[in-house]
Every structure is written in structure tokens, then in C-alpha cells.
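Participant: With the working numbering as the guide, the letters of the sequence shown map in order to residues 17 to 632.
Built from N, CA and C at the ideal position, the CB exists for glycine as well.
These numbers come from a predicted model, not from an experiment.
Have a look at this one.
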Amino acid sequence: MDKIGNLKRERKVFKSRVVFSVVIMLSMTLILTIRLFNLQITQHEYYVEEALGNQMQNLPITPVRGDILDRNGKVLATNEFSYRLTITPEKVNNLNDTLVELEINEYIDSKDIERFNKNLSRFKKFHNIPIKFNLSESSASSFLVNNQMPGVEVEPYFHRVYPYGKSSSHLIGYVASMNKEDKSRYDKKNYAGTSFVGKIGVEKQYENLLHGQSGMKQIERNVAGRVVDTKVINPSIPGEDVYLNIDIDLQLKAESLLGESRGVIALIDVNDGSVLTLVSTPSFDPNWFVNGISVKRYEELKGNPDLPLFDRSTKGLYPPGSTIKPMVALGGLEKNNITIKHTTFCPGFYKLTDYSRKFNDWKRTGHGRVDTIEAIAQSCDVFFYDLAYNMGIDEINNSLSYFQFGEKTGLDLPGELGGILPSREWKKINKDEPWYRGETLITGIGQGFMTASPIQLALATGAIANKGNLLTPRVLMHSQSKDGESYFESQTESKQIPIKNIDNWELIIQSMKQTIYGKLGTAKRLNNKLNYTLAGKTGTAQVFGLDPEEEYIAENIDEKLRDHALFTAFAPIENPQVAIAIIVENAGSGSSKAAPLARSLLDEYFNKYGVDPDKI
17 MDKIGNLKRE RKVFKSRVVF SVVIMLSMTL ILTIRLFNLQ ITQHEYYVEE
67 ALGNQMQNLP ITPVRGDILD RNGKVLATNE FSYRLTITPE KVNNLNDTLV
117 ELEINEYIDS KDIERFNKNL SRFKKFHNIP IKFNLSESSA SSFLVNNQMP
167 GVEVEPYFHR VYPYGKSSSH LIGYVASMNK EDKSRYDKKN YAGTSFVGKI
217 GVEKQYENLL HGQSGMKQIE RNVAGRVVDT KVINPSIPGE DVYLNIDIDL
267 QLKAESLLGE SRGVIALIDV NDGSVLTLVS TPSFDPNWFV NGISVKRYEE
317 LKGNPDLPLF DRSTKGLYPP GSTIKPMVAL GGLEKNNITI KHTTFCPGFY
367 KLTDYSRKFN DWKRTGHGRV DTIEAIAQSC DVFFYDLAYN MGIDEINNSL
417 SYFQFGEKTG LDLPGELGGI LPSREWKKIN KDEPWYRGET LITGIGQGFM
467 TASPIQLALA TGAIANKGNL LTPRVLMHSQ SKDGESYFES QTESKQIPIK
517 NIDNWELIIQ SMKQTIYGKL GTAKRLNNKL NYTLAGKTGT AQVFGLDPEE
567 EYIAENIDEK LRDHALFTAF APIENPQVAI AIIVENAGSG SSKAAPLARS
617 LLDEYFNKYG VDPDKI
């Protein structure tokens, strides 16, 4: 009986063991099946790519960026052949160890590593990720001879270069490494192999023309990781060369005239709005930014009180001062507030009825009795205080709006600001205060809340020269592909300022002529040995207000609080070619500090291009 009992027990144990073994085998089979399904179906593409990645690799072909050239074909931005160090993380045994070894051998530094880690996420698998740009020839040669690190390579590429250094840096701009904002802005496919994009200026404005179209190539490697074959799937299309209206010789001249001063010079062609010169000083070298500017140098630029990184040509807004008097006078003529025969007596100040404050003229002894032409030529403040009072702020605002003050000009550069053309509504919205009579008076001489950019002043002056044809400024002349087939040309845009009496234009032009040629003209010193005719307007804009009885003495005031010097002009008078606007910050008198600079630059222009005989 014991044997039977034992037999039953043994059978029971055996059966349970069989069941258990079957369950285990089925479980393992199920797990294996799931694993195989995951490998063969779910992650098939990944492992195929992983396998082929060791042998075959598709890589983007970065297009060669287009050049930037001036109107005469002088190169302002181009590319130079160089080398960069790249890493393919999937081919590296230990990424951290590789980075450490590269740093120890002085191929890279900590900043390169930091930038590399930030860029990891924007690249697809098996892509060569740049870690070091503009590698020296000696470093590149050394690495190629001694390299024993799989997944690390030296690649040739084109390095962006700005031959003129600091000259025109705000205008031309620069390229630098792509950031998160750039990655979201540009097409991922087209920018797959692109490391740099335009950040400011023309480089940013015309990124779509300059960049080109990315291509694709397939490379095959042997077991040692050496490239044995390369096949171009889609060739890249180089970016277009961009030709500007800018004349670099005039740019250099304007920059030399401003020197170390903080200021702006804008010179435009009054026939089509071409921007011939657009200078903002002080400046910086855009070559510093291409491969990553050092923290020390960047902090020095940011901390510089003269703000070399600030583009005064597009973002600089200044009180226009007396440079807007011709436009205010035109509005007064149109509304019959004044006539050619109208006169105002200037004792050196102006007073409102029931208002204790005196509004002083720049000439404390006064100008005596002056008519419209004399008032503009001599820049009589009292004449324009009286005119502004009679016009009222609503009419002043309406008259100046025709010249597009308070709006962007449409300049084809990023970041342009439009300035302020004050009104009752503007003050209520921005200050939550009513408009006062005294504010009307100072608006009439370009002070108070009103601000304008240098390019606005140049265009407004050009509109006077053209008798009402207000142009849209253009930096771009045209673009052209490397093969010369594709061609884009910038179009001239303009609008006509509505004026009832054409004679009013002539009166304003005559008054600006007398600024230069009149015995009491504020810029009469400019007419010595002029080889062309010139009409202009000086301006001196206060940075802060003085008490009525307080005398302005520059030496007693902090340099940053001194008056701005301004000058606007066009030439030749008979049939204008160019208009100019100059602002020199905290320089003082426009007649002595800004006007001579304009004369020098205009001399340079006419010496080079001459006075067009067909336009006389």
C-alpha cells in the first residue's frame, strides 16, 4: 500500500512539474515572440537605421551662403574655406569620455562642449554634429593623422567672413549659431545641416535669399569607419548673392567723419529711395560673433556706455528739433495760417496769454521781424511758436503725418521703430493727461514728445526736394544666383503728399536754400566753394528741459545731457539727386557740428558720381 501511495504521489509531482515546465516554456515563448515583434515590427526602422548607420549614412549637404555686395560689387560678406570638428554620438562608445579626451588634447574647450550639448536635441540620429568651428589647419592635420576616436571627424566647410570689420556692421549684420527661436522659425528640413543663420541687419532680413536650399548625400563606410563611397542624392542649391544700394566707400567716409561720436548718417537717392549710406556709430566687429563671441568681449560690448551694439539707424529715435520747421511751415501755408508775406516779430522769447512761462528763442536777443523764408533760414523759434499756436496740435499732427512721422518708413531692415508724432489722443492713451497749450508750442519746433529716426528725416527732406513724392527706402538693389539665372530686383515705392498749391513747395525749398546761401542763414559757412547747389536745415535738439531763465552752457552739463546736433539737406536744388540726414548725439549746435559733416560726405558723393547733367 505504501508503494501505491508513493506512486500516486510521484505521478502527481511529475504532472505538476510538467505543467510548470510547459507554463515556463510558453511564457518564454511569449516573451520571445513579443521581443521579436518589437524588434521586427515596432522598432524595425530604428534597428535598420542603426545597422545601416555603421555602413550607410544619409547626410544633409549644407548650401553655400550667398555673398553680400555693395552697389559697385565690392564684397561686404563672404565665405572662406575652413574646417570643423564633428561628432556622431551613435558611433561613439562613450560620449563623455570622448569629449574629455578631445578637451585634454586641446581640440575643444568647455564652451564648445556646452554648445554641443545644447545642440544635441536638434539633430537626427547618425548626423554629424559640429562641436568646433574654424579649426586651424595645424589642428585639422594633427587630428587627421592621430585620430583614433570612432565617430569624431574633421569636415571642410565655408566660414562666414566680413572683410570690412566694424564698418557697416549694424547694416550688414552677422550670422551666428542657431538658437531655439531660430529652430522654430526656419524650415527644419532645409536647415537640417545648417549651423548658422542671420541674426541682425541684411543677414537676417534676406536670410531666405542668402541661405539657399539644402541637399542630401549618402556615404558608405567600411568596417574601419572609413568613407569608401559618397553619392549625392539631391545637390544643394547655393544661396543668392545680395547686392545692396549701399556704397561702401561712402560708408567708410561717413564713419570716419563721425569718428568716436555717437551718431547716425543717412544718405538716400531721392529718385528711387535707394539707401546709399546708413551708418550708426560706435560699432563692433561682426566677425566676433560668427563662431561664438567670448563672454568677456560680449560683456564689454554690453557694458559700454556708448552702446556699440545699439543700431541707431533703425532704432534710434530723437527729437527732430528745428529740422521739421520746413514741414510745419508747409502745413501753415496750406491752411493759410501764414503766407509768403506773413511776418512775426521775435524779441527773443514768446509768451502765451495768462501763462507765466517764457518760451525762449535760441537767440536770446531775438531775430527782429522775420518772414517765412527768413524764419526757416535763421531757424527763428518764436516764429514757429506763434505758428504752432495758431495751427493747434491737431493741425500740426495732420500736416506732419503726411510725411509719415510717427510711422515706420518700410525700410527693409529688421527692427525699425516708427517714432512718435504726438496728439491729444496719443497723450491721453500714453500719459493719461490732457494736452496743454505749451506742448503745442514746443511741438512746433520739434521738441517735447515728438521723436523721429534719421531715415525718417532723410525721407521727409527728400519729399520736399521732390515736391511731395515720399519714397519708401530700400537697402536691397537686387539678388542674383551663382549661375546668374535667378534674379530679384527691389521695386521703387512712393506716395504723393497732397498739396493744394505747388508754389508752397517752392517757398519751402527757397527757405532751405537761404539756410545755406542767406547772409543770416544758420549754415551759411557751407556755401564756400560748393560745386553743387545745396538746400538744408540745421537743428539743435534739447535732451532735457531748462528753466526759462536758465542759460544753456554745455561745459556745465553732463556730456550725455547736452544737445543733439542735427542737419538735413538735399542737392542739387535744381533737380535733386540725394538727401541727407545727420544726428550727432550730445554734440551741441547742428550748424557747427552736424552740417560740416554733411558737406564733407556730399562732396565725396559728387566727386565720385558727379552732378548728373540730365538733371539740371
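#1: Return the chain-ordered ranges of every beta strand (DSSP E) run that is complete within the region 441–506 and spans a minimum of 3 residues.
#2: What's the gap between the Cα of Val291 and the Cα of Gly500?
#3: Mapping the DSSP letters down to three states, classify Leu292 as helix, strand or coil.
#4: Can you list, in chain order, the residues of its chain with a C-beta nearer than 6 Å to that of Asn150? Leave out the 5 residues immediately preceding and following it.
#5: Do Leu225 and Gly255 have their C-beta atoms within less than 8 Å of each other?
#6: Along the beta strand (DSSP E) that carries Ile145, what are the first and last residues, could you check?
#7: Which residue wins for smallest C-alpha separation from Arg373, given the options Ile264, Tyr452, Glu219?
#8: Considering Cα atoms alone, identify which of Leu46, Asp203, Glu620, Gly82 is closest to Ser495.
#9: Using the rule of at least 16 other Cβ atoms within 10 Å of the residue's Cβ for burial, across every protein chain shown, is Ile532 buried or exposed?
#10: Does the contact criterion of 3 or more C-beta pairs under 8 Å hold for the region 459–471 versus the region 423–438?
#11: Following the continuous beta strand (DSSP E) through Phe174, name the residue where it begins and the one where it ends.
#12: Does Phe53 pass the burial test, meaning 16 or more other C-beta atoms within 10 Å, or should it be called exposed?
#13: Kindly list the residues whose CB is nearer than 7 Å to the CB of Leu536, restricted to its own chain and excluding five residues on each side of it in sequence; keep chain order.
#14: Taking the CB atoms as reference points, tell me whether Ser415 and Leu346 lie closer together than 8 Å.
#15: From Arg313 to Asn303, what does the alpha carbon distance come to, in whole angstroms?
#16: Which full runs of the beta strand (DSSP E) of 3+ residues lie inside the region 31–110, going along the chain?
#17: Is it true that the CB of Asp265 sits closer than 8 Å to the CB of Ser296?
#18: Less than 8 Å separating the beta-carbons of Tyr401 and Leu457?
#19: If you measure between the beta carbons of Gly228 and Ser211, is that distance less than 8 Å?
#20: Quick one: grab the DSSP three-state call for Val248.
#21: In terms of residue numbering, what span does the alpha helix (DSSP H) encompassing Ser605 cover?
#22: Which residue or residues does DSSP assign as beta-bridge partners of Thr360?
#23: Rounding to the nearest angstrom, what Cα-Cα distance links Arg490 and Asp288 in this structure?
#24: State the Cα-Cα distance for the pair Asn250 and Gly181, rounded to the nearest angstrom.
#25: Along the beta strand (DSSP E) that carries Ile281, what are the first and last residues, could you check?
#26: Could you give the DSSP three-state label for Asp343: helix, strand or coil?
#27: Do Gly555 and Thr339 count as a contact pair if the criterion is CB distance below 8 Å?
#28: Return the bridge partner residues of Gly217 from the DSSP annotation.
#29: Report the option in Leu618, Lys609, Gly382, Asp628 whose CA atom is closest to the CA atom of Gly275.
#30: How long is the line joining the alpha carbons of Ser184 and Ser126, rounded to whole angstroms?
#31: Out of curiosity, what's the CA-to-CA distance linking Asn133 and Leu111?
#32: Alpha carbon to alpha carbon, how far is Lys24 from Met17? Give it in angstroms, no decimals.
#33: By alpha-carbon positions, which one of Asp397, His580, Ser37 ends up nearest to Ile461?
#34: Spell out the partners DSSP gives Ser510 in its beta bridges.
#35: Is it buried or exposed, Ser37, if we count other Cβ atoms within 10 angstroms and call 16 or more buried?
#36: Is the region 615–622 touching the region 541–554, taking contact as three or more C-beta pairs under 8 Å?
Facilitator: On the basis of the supplied data:
#1: 485–487, 492–496, 503–505
#2: Taking the sequence shown and counting its residues from 1, the one referred to as residue 291 is at position 275. Taking the sequence shown and counting its residues from 1, the one referred to as residue 500 is at position 484. Each residue's alpha carbon lies about 24 Å from the other.
#3: Position 276 of the sequence shown, counting from 1, holds the residue named residue 292. If DSSP states are grouped into helix, strand and coil, Leu292 belongs with the strands.
#4: Position 134 of the sequence shown holds residue 150. Answer for Asn150: Ser98, His175, Asn307, listed in chain order.
#5: In the sequence shown, the residue the question calls residue 225 occupies position 209. In the sequence shown, the residue the question calls residue 255 occupies position 239. Yes, the pair counts as a contact, with Cβ atoms nearer than the cut-off.
#6: On the sequence shown, position 129 is the one that residue 145 refers to. Unbroken beta strand (DSSP E) run through Ile145: 145–151.
#7: Taking the sequence shown and counting its residues from 1, one reaches residue 373 at position 357. Ranking Ile264, Tyr452, Glu219 by Cα distance to Arg373 puts Tyr452 first.
#8: One-based indexing of the sequence shown puts residue 495 at position 479. Taking only the C-alpha atoms, the option nearest Ser495 is Gly82.
#9: The sequence position of residue 532 within the sequence shown is 516, counting from 1. With 16 or more other Cβ atoms within 10 Å, it is buried.
#10: Output reads yes: the region 423–438 touches the region 459–471.
#11: Counting from 1 along the sequence shown, the entry for residue 174 is found at position 158. Where Phe174 is concerned, the enclosing beta strand (DSSP E) stretches over 168–177.
#12: Taking the first residue of the sequence shown as 1, we reach residue 53 at position 37. With fewer than 16 other Cβ atoms within 10 Å, it is exposed.
#13: Residue 536 sits at position 520 when you count from the first residue of the sequence shown. Ala393, Gln394, listed in sequence order.
#14: Within the sequence shown, numbered from 1, the residue matching residue 415 stands at position 399. Within the sequence shown, numbered from 1, the residue matching residue 346 stands at position 330. Their beta carbons are under 8 Å apart, which means Ser415 touches Leu346 by this criterion.
#15: As a first step, residue 313 must be located in the sequence shown, where it is residue number 297. As a first step, residue 303 must be located in the sequence shown, where it is residue number 287. Straight-line Cα distance between these residues: approximately 12 Å.
#16: 72–77, 91–103
#17: Here residue 296 is taken as the residue at index 280 of the sequence shown, counted from 1. Here residue 265 is taken as the residue at index 249 of the sequence shown, counted from 1. Taking 8 Å as the Cβ cut-off, Ser296 and Asp265 do not qualify as a contacting pair.
#18: Within the sequence shown, residue 401 is the residue found at index 385, counting from 1. Within the sequence shown, residue 457 is the residue found at index 441, counting from 1. It is a contact, given that the beta carbons lie within the stated cut-off.
#19: Within the sequence shown, residue 228 is the residue found at index 212, counting from 1. Within the sequence shown, residue 211 is the residue found at index 195, counting from 1. Contact flag unset, no.
#20: By 1-based counting over the sequence shown, the position of residue 248 is 232. If DSSP states are grouped into helix, strand and coil, Val248 belongs with the strands.
#21: Position 589 of the sequence shown, counting from 1, holds the residue named residue 605. Where Ser605 is concerned, there is no enclosing alpha helix (DSSP H), given that its DSSP letter is neither H nor E.
#22: Residue 360 sits at position 344 when you count from the first residue of the sequence shown. Note: Thr360 is bridge-paired with Val386 in the DSSP secondary-structure output.
#23: As a working note, residue 490 is residue 474 in the sequence shown. As a working note, residue 288 is residue 272 in the sequence shown. If you take the alpha carbons of Arg490 and Asp288, they lie about 8 Å apart.
#24: As a position in the sequence shown, residue 250 is number 234, starting the count at 1. As a position in the sequence shown, residue 181 is number 165, starting the count at 1. Between Asn250 and Gly181, the C-alpha separation is close to 35 Å.
#25: Residue mapping note: residue 281 aligns to position 265 of the sequence shown, counting from 1. That run of the beta strand (DSSP E) goes 279–285.
#26: Position 327 of the sequence shown, counted from the start, is the residue given in the question as residue 343. Looking at the sequence shown, residue 343 is not Asp but Met. Residue state, collapsed to three classes: helix.
#27: For the purposes of this step, residue 339 is identified with residue 323 of the sequence shown, where counting begins at 1. For the purposes of this step, residue 555 is identified with residue 539 of the sequence shown, where counting begins at 1. Contact: yes.
#28: Counting from one through the sequence shown, the residue named residue 217 turns up at place 201. Answer is none; Gly217 lacks a bridge partner.
#29: As a working mapping, residue 275 is identified with position 259 in the sequence shown. It is Lys609.
#30: The residue you call residue 184 lines up with position 168 of the sequence shown. The residue you call residue 126 lines up with position 110 of the sequence shown. One C-alpha to the other measures close to 32 Å.
#31: Numbered from its first residue, the sequence shown carries residue 133 at position 117. Numbered from its first residue, the sequence shown carries residue 111 at position 95. It is roughly 11 Å from the alpha-carbon of Asn133 to the alpha-carbon of Leu111.
#32: By 1-based counting over the sequence shown, the position of residue 17 is 1. By 1-based counting over the sequence shown, the position of residue 24 is 8. Low confidence applies here, because Met17 scores a pLDDT of 46, under 50, leaving its location unreliable; read the following figure in that light. Cα to Cα, the separation comes out at about 11 Å.
#33: For the purposes of this step, residue 461 is taken as residue 445 along the sequence shown, with counting starting at 1. Among Asp397, His580, Ser37, the Cα nearest to that of Ile461 is on Asp397.
#34: The sequence position of residue 510 within the sequence shown is 494, counting from 1. Partner(s): Leu487.
#35: Residue numbering aside, residue 37 sits at position 21 when the sequence shown is read from its first letter. By the neighbour-count rule (16 or more Cβ atoms within 10 Å), Ser37 is not buried but exposed.
#36: Short answer: they touch.
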